[in-house]
Amino acid sequence: MDKDFQLLLKKYAELVIKVGVNIQPDQVLIIQAPIETAEFTRLVVASAYEAGAKYVQVEWDDEQVTRIRYEKAPDSSFAYYPKWQADMMEQLAVGGGAVLHIKVPDPELFRGIDSSKVSTAVRAAAVAREKYSSYVRSNKVTWSLIKAPTQAWADKVFADLPGDQRIQAMWEAVFLMNRVDQDDPVAAWQSHIAQLKESQERMNRKRYKSLHYRAPGTDLRVEMPEEHLWLGGGDENEDGIYFVANMPTEEIYTMPLRTGVNGVVSSTLPLNLNGRLIEGIKLTFKDGKVVAYEAQTGLEDLASLLETDEGASYLGEMALVPQDSPISRMGRIFYNTGIDENASCHFALGSSYPVNIKGGTKLSKEELLARGANVSLTHVDFMIGCPELEIDGELPDGTIEPVFRQGNWA
77 MDKDFQLLLK KYAELVIKVG VNIQPDQVLI IQAPIETAEF TRLVVASAYE
127 AGAKYVQVEW DDEQVTRIRY EKAPDSSFAY YPKWQADMME QLAVGGGAVL
177 HIKVPDPELF RGIDSSKVST AVRAAAVARE KYSSYVRSNK VTWSLIKAPT
227 QAWADKVFAD LPGDQRIQAM WEAVFLMNRV DQDDPVAAWQ SHIAQLKESQ
277 ERMNRKRYKS LHYRAPGTDL RVEMPEEHLW LGGGDENEDG IYFVANMPTE
327 EIYTMPLRTG VNGVVSSTLP LNLNGRLIEG IKLTFKDGKV VAYEAQTGLE
377 DLASLLETDE GASYLGEMAL VPQDSPISRM GRIFYNTGID ENASCHFALG
427 SSYPVNIKGG TKLSKEELLA RGANVSLTHV DFMIGCPELE IDGELPDGTI
477 EPVFRQGNWA
């Protein structure tokens, strides 16, 4: 690999440490990374120590080992999740640590695997990690989710290129969408965050009661709780440290009113759900709940998701992303929600983020439900943006005005 590429790798590593998790002196960091990304992960570890981290632990993930479990393990394996693993993450959060996820699941990982095994394992993990997940959603822990190429992912996204060119093409895409190709990526991100904050504040000033979405296959009205808050770019943890949870990010987002969603919505991009693809999703909502659902592929997996718990059939997040976002302009499906959701307006089934309602991080589950937020073990985004998307906003006095036209801000 040439010197220019090595320089970009180092700049990316510094970026995720300084902007993503924003490591502070004497802070502990856990990195969860695919074993294929070892070279890049080591650069991240070095950057973390250079930034003053007290201790960095890497938790390696090997998808082939994961696949072997699903092929060979007894059925009793899939309802098991190690308590010590959940306890470790809770202790990290309580102790003021940070978590960096390099998450790039192979879209074909579970091809041929019984979907019930996958859904059972996902639920077991969600139940065991419920307390830690509440810390994450309430910003009690600093965390960031980033991307780095693996061969399986690159083979899916860049199948139109010769095999020996795919990893390099994926790295170039990752650098571009994260502004690593710019002279000063940290400054570029600060400017980008400021622009997202402008959109966030504009929506917060409007205080829309509801948004009405219209597109091919979509006619959906979504109400918001009275004291909902739009957020974008990043947020502060309990100690006032600013971090960016998703890199890249192009969205501003808030929570829908749990019982205030009515109509039909159709997905516009494939959903990679735990290594299984779901395409052509169509959901019908009445008083907030999914009352009918369809999918062109992956219907069984969609059904398993909706059956996770009561809250899985309600929306927890609504996010606005214009079609002219940098990722959307690449014109490529990445089969990775963390990227595809930043090329498209999207919703999430499952839990709301308490930060999206005034005072929400101090509320119990029961209090959140009473305020109109959704509570669930799961949180899964699906993409609904397209060039034909139009969104109207209803102001507090009942006036209707355009918010999106032809997929972009009106």
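Add 76 to a position in the sequence shown, counting from 1, and you land on the number used in the numbering used here. Every residue gets a Cβ at the ideal spot worked out from N, C-alpha and C, and that includes glycine.
Closest by C-alpha distance to residue i, when choosing among the options
i, options, result
"GLY392", "ASP385, LEU347 and VAL456", "VAL456"
"ILE328", "LYS285, PRO398 and THR335", "PRO398"
"GLU90", "GLN140, ALA263 and ARG352", "ALA263"
"GLN266", "GLN482, ASN98, ASP468 and LEU465", "ASN98"
"GLN133", "LEU347, SER275 and ILE106", "ILE106"
"ARG405", "ASP416, LEU396 and ALA395", "ASP416"
"LEU471", "ILE178, GLN258 and LEU287", "LEU287"
"ILE144", "ALA122, LEU176 and LYS193", "LYS193"
"ARG199", "SER380, LYS441, GLY474 and ILE178", "SER380"
"GLN271", "PRO346, ALA228 and THR325", "THR325"
"GLY356", "GLY364, LYS362 and VAL340", "VAL340"
"TRP229", "TYR211, LYS273, LYS179 and TYR208", "LYS179"
"GLU383", "GLU115, ASP363, LYS358 and LEU425", "LEU425"
"GLN140", "PHE480, VAL120, GLU112 and ASN254", "GLU112"
"PHE423", "LYS148, LEU396 and SER440", "LEU396"
"GLY128", "ILE93, PRO463 and THR142", "ILE93"
"ALA124", "GLN103, PRO110, TRP136 and GLU135", "GLN103"
"LYS434", "MET323, ALA449 and PHE480", "ALA449"
"ASN322", "GLY308, GLY316 and GLY474", "GLY308"
"PRO110", "LYS365, ASP78, LEU176 and GLY172", "LEU176"
"GLY96", "ILE317, TYR146, THR226 and ARG281", "ILE317"
"PRO301", "LEU333, LYS273 and ASP311", "LEU333"
"THR475", "LYS282, PRO346 and ASP295", "LYS282"
"ASP311", "THR218, ALA291, PRO225 and ARG242", "THR218"
Residue(s) in a DSSP beta bridge with residue i
i, result
"ALA395", "TYR329 and HIS422"
"THR360", "VAL340 and ALA368"
"THR335", "According to DSSP, which records beta bridges pairwise, THR335 is partnered with nothing at all."
"GLU355", "THR373"
"ARG297", "HIS288 and ASN338"
"THR218", "ALA174"
"TYR88", "None, per the DSSP bridge assignment."
"TYR390", "LYS365"
"LEU349", "ARG352"
"ASN484", "ARG481"
"GLU466", "ARG290"
"ILE269", "For ILE269, which the question treats as bridged, DSSP gives no partner whatsoever."
Alpha-carbon spacing of residue i relative to residue j, whole angstroms
i, j, result
"LYS86", "TYR131", "20 Å"
"ASN313", "PRO238", "44 Å"
"LEU168", "PHE154", "25 Å"
"GLU376", "ILE403", "30 Å"
"GLY414", "SER191", "22 Å"
"SER214", "LEU221", "16 Å"
"TYR284", "LEU84", "42 Å"
"VAL170", "MET164", "10 Å"
"ARG205", "ALA174", "16 Å"
"GLU299", "MET394", "10 Å"
"ARG408", "THR335", "35 Å"
"MET246", "VAL451", "36 Å"
"LEU445", "ASP385", "15 Å"
"PRO261", "PRO150", "48 Å"
"VAL250", "LYS223", "7 Å"
"TYR88", "THR373", "36 Å"
"LYS148", "SER195", "17 Å"
"GLY483", "ASP257", "27 Å"
"ARG532", "TYR289", "A query on residue 532 cannot be resolved here, the shown segment of the chain reaching from 77 to 486 and no further."
"TYR146", "SER275", "44 Å"
"LEU473", "ASN348", "One point to set straight first is that residue 473 is Asp, not Leu, in the sequence displayed. Distance between the alpha carbons of ASP473 and ASN348 is about 40 Å."
"TYR157", "LYS358", "32 Å"
"THR360", "ILE460", "14 Å"
"SER440", "ALA235", "47 Å"
"PRO101", "GLU135", "21 Å"
"VAL121", "PHE410", "26 Å"
Three-state secondary structure (DSSP) of residue i
i, result
"TRP306", "coil"
"ASN450", "coil"
"GLY172", "coil"
"ALA200", "helix"
"ARG290", "strand"
"PHE319", "strand"
"GLN108", "strand"
"PHE410", "coil"
"ASP151", "helix"
"PHE251", "helix"
"PHE458", "strand"
"TYR131", "strand"
"ASP80", "helix"
"ILE476", "strand"
"GLU184", "coil"
"GLU312", "strand"
Do the stretch 367-376 and the stretch 416-433 make contact, defined as three or more Cβ pairs closer than 8 Å?
-> As far as the Cβ criterion goes, the stretch 367-376 does not touch the stretch 416-433, which means the pair count is below three.
Inspect the CB distances between the stretch 350-369 and the stretch 174-193 and report whether three or more fall short of 8 Å.
-> The stretch 350-369 and the stretch 174-193 touch, with no fewer than 3 CB-CB distances between them shorter than 8 Å.
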